[in-house]
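Notes to accompany the following structure.
Residue numbers (my numbering): 333 to 538.
Printed below as a string of structure tokens:
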């Protein structure tokens, strides 16, 4: 059964300076009303990722939230997450669909063409962005703005999750462009009170 993607979609990140861990970001975001959590970790040993992902899955289940794994088909299968998020690689997508039948699989799209292609190959949702310049991803593509976001929403029928530089100041304009959900990193994990930051975003989006 596929989960609906609406509201605030929080991507976990660690920040030692701010004493942020994947777990406490997840806890605060869920308390604030986030409907989807994505676990994104690329540097740790697999056993550590497994341990963290299990804890986050349990938290998501308790809060009736959707749990997405970033990039790792293997981790998503072992954990039995609700879904997986991938970049623009058709072969990875085909492999994921084969190994994870019935799961929610999203693809990133940095252009309108990529978004249309993502739907054509069978993605369940599109992570569209960056909408604005983002400090959270060093190798991010150039921001494409609200106009392209609106065009993506017009040209595809699957849910669109906007990502990239979204915060309390611009979230309303992103919502008005038609996105189904907003994905955030620093707009939650970079704030002094992560729960309050999530609550404010939820109020804006809903």
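For each residue, glycine too, the CB sits at the ideal point set by N, CA and C. None of these values were measured; they are calculated from a predicted model.
Residue 423 and residue 491 have their C-alpha atoms spaced approximately 22 angstroms apart.
Here the alpha carbons of residue 346 and residue 353 stand approximately 5 angstroms from one another. For residue 356, there is no enclosing beta strand (DSSP E); the enclosing alpha helix (DSSP H) covers residues 354–363.
Listed as beta-bridge partners of residue 440 by DSSP are 459.
Each of 467, 369, 382 was checked against the Cα of residue 341, and the nearest Cα belongs to 369. DSSP places residue 368 inside the beta strand (DSSP E), whose first and last residues are 368–371.
Apart from the 5 residues on each side of it in sequence, residue 511 sits with its Cβ closer than 8 angstroms to the Cβ of 460, 481, 485, 492, 493, 494 in its chain, given in chain order.
Non-local C-beta neighbours of residue 363 in its own chain, meaning closer than 7 angstroms and more than five positions away in sequence, comprise 527, ordered along the chain. Put simply, the backbone Cα of residue 430 is about 37 angstroms away from that of residue 504. Ranked by Cα distance from residue 475, the options 488, 498, 458, 454 are led by 498.
With distances taken between CA atoms, residue 496 lies nearest to 519 out of 523, 457, 519. About 6 angstroms separates the beta carbon of residue 365 from that of residue 530, a gap short enough to meet the 8 angstroms contact definition. Here residue 350 carries a coil assignment [DSSP, helix/strand/coil]. Here residue 425 carries a helix assignment [DSSP, helix/strand/coil].
If you look at residue 378, you'll find it in the alpha helix (DSSP H) that goes 378–394. Secondary structure of residue 516 (DSSP, three-state): strand.
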